[in-house]
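Asker: If you scroll down you'll find the structure; I have some questions about it.
Next up, the structure:
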């Protein structure tokens, strides 16, 4: 059926152009909350009290939800039903979730109750496109994407949000903020509240504020470890590694992150040697330009052969650890010693 952007959905709701079944995909919580608020706005507070229901499908059966959906509204024109955590749309295993009779939902969406608006919030990274229920929902429901914004759109949105609030942000501060939050708009929104308080007098957010106030993720800390290894700074690398161990971070996780980062470095090295610019590489790899800038800075003095050897070793280390060929903490320590 139709696939709408959030702005299109909100316009349709304001104009009373309603459908009976909606599927909201994506994990961006700011957008999901905005969508929920927009749906609720089509009903008065009194109608919401009588005719709005929210079901967690990990805890409540589809039968109960559908019984609500087929019920006539009380003292109002319509009934609004939210369905959250529809785990059966994914390939994930969910512990302790209620077993669902998906056929009930299949039957309902083929012939929905005219006075009911059913909104299914599938806040997952990926749905299982092989499943019949997913295929039918995409065919019969109005789909709305609440996924993360990327690249220029995300940058424009942040700048516009700050402009409306009367603030500015330096370009390098914005790049660092996006990198530290992994382009997650919900996280960015939360961090901006803190940054705006910090810059209450100047109304301008600089790089120092972001560096000091926005916490560094595990990926960023592993990126620092990678820098020390590539820079042949064995003492600093060992110090960072032992900090990870003190924080009870499993070397298996460190290996996974390092593998991903090395793969990115190799990709950036190859593409830059072909003459591609940083913005073009970012677009090609579908990542934020700031990540490409950092990677490009790392690989400038390195040979592609060095990176490939290191990548082969980290893949081998992953195999050694997972196949129990030695103590994982010691094996990772040996990897650092070999390359730093």
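Numbering (my numbering), first residue to last: 494 to 833.
Every residue gets a Cβ at the ideal spot worked out from N, C-alpha and C, and that includes glycine.
Everything numeric in this text was worked out from a predicted model, so none of it was measured.
1) Looking only at C-alpha atoms, which of 505, 568 and 514 sits nearest to residue 539?
2) Between which two residues does the beta strand (DSSP E) harbouring residue 739 extend?
3) With residue 557 as the anchor, note down where its alpha helix (DSSP H) starts and where it stops.
4) So, residue 595 versus residue 575, is the Cβ gap smaller than 8 Å?
5) If distances are taken between C-alpha atoms only, which option among 826, 655 and 565 comes closest to residue 734?
6) Mark residue 517 as exposed unless 16 or more other C-beta atoms lie within 10 angstroms of its C-beta, in which case mark it buried.
7) For the region 746-793, which segments carrying the alpha helix (DSSP H) assignment without a break, of at least 4 residues, lie completely within its bounds, in sequence order?
8) Let me check understanding here. Comparing Cα to Cα, which of 660, 673 and 712 lies closest to residue 690?
9) Have a look at 597, 620 and 745 and flag the residue whose alpha-carbon is nearest the alpha-carbon of residue 820.
10) Whole alpha helix (DSSP H) runs in the region 643-731 with 4 or more residues, listed along the chain?
11) Would you call the region 545-552 in contact with the region 642-660, where contact means no fewer than 3 C-beta pairs closer than 8 Å?
12) Below 8 Å on the Cβ atoms is my guess for residue 757 versus residue 788; work out the distance and round it to an integer in Å.
13) Please state whether the Cβ-Cβ distance between residue 519 and residue 638 is less than 8 Å.
14) Buried or exposed: which applies to residue 500, given that a residue is buried once 16 or more other Cβ atoms fall within 10 Å of its Cβ?
15) Which residues bound the beta strand (DSSP E) around residue 576?
16) Is residue 505 helix, strand or coil by DSSP?
17) What residues match up with residue 638 in a beta bridge as DSSP calls it?
18) Roughly how many whole angstroms lie between the Cα atoms of residue 541 and residue 535?
19) On the three-state DSSP scale, how would you describe residue 832?
20) If residue 791 sits next to residue 723, beta carbons under 8 Å apart, how far is it from one beta carbon to the other, in whole angstroms?
21) Given residue 699, which residues of its chain have a CB within under 6 Å of its CB, disregarding the five upstream and five downstream residues?
22) Which partner residues of residue 549 appear in the DSSP bridge assignment?
23) Helix, strand or coil, according to DSSP, for residue 511 in the structure here?
24) Excluding the five sequence neighbours on either side, which residues of its own chain have a C-beta within less than 7 Å of the C-beta of residue 629, listed in chain order?
25) So which of 800, 760, 809 and 806 has the shortest CA-CA distance to residue 786?
26) Alpha carbon to alpha carbon, how far is residue 830 from residue 725? Give it in angstroms, no decimals.
27) Can you tell me whether residue 568 is helix, strand or coil according to DSSP?
28) Give me the Cα-Cα distance between residue 557 and residue 577, rounded to the nearest whole angstrom.
29) Measure the Cβ-Cβ separation of residue 640 and residue 731 and say whether it is below 8 Å.
30) Taking only the alpha-carbon atoms, compute the straight-line gap between residue 531 and residue 702 and give it to the nearest angstrom.
31) In whole angstroms, what separates the C-alpha of residue 742 from that of residue 604?
32) Only counting the same chain, and skipping five residues up and downstream in sequence, which positions put a Cβ closer than 7 Å to that of residue 709?
33) Return the chain-ordered list of same chain residues with a C-beta closer than 8 Å to the C-beta of residue 751, the five sequence neighbours on each side being excluded.
34) Report yes if the C-beta distance between residue 767 and residue 800 is below 8 Å; otherwise report no.
Answerer: Short version:
1) 568
2) Per DSSP, residue 739 belongs to no beta strand (DSSP E); it is in the alpha helix (DSSP H), 727-739.
3) 555-562
4) no
5) 826
6) buried
7) 771-778 and 782-792
8) 660
9) 745
10) 644-657, 664-673, 678-691, 700-706 and 711-723
11) no
12) 5 Å
13) yes
14) exposed
15) 572-577
16) helix
17) 518
18) 9 Å
19) helix
20) 6 Å
21) 663 and 666
22) 577
23) coil
24) 599 and 602
25) 760
26) 9 Å
27) coil
28) 14 Å
29) no
30) 34 Å
31) 50 Å
32) 673
33) 715, 718, 719 and 807
34) no
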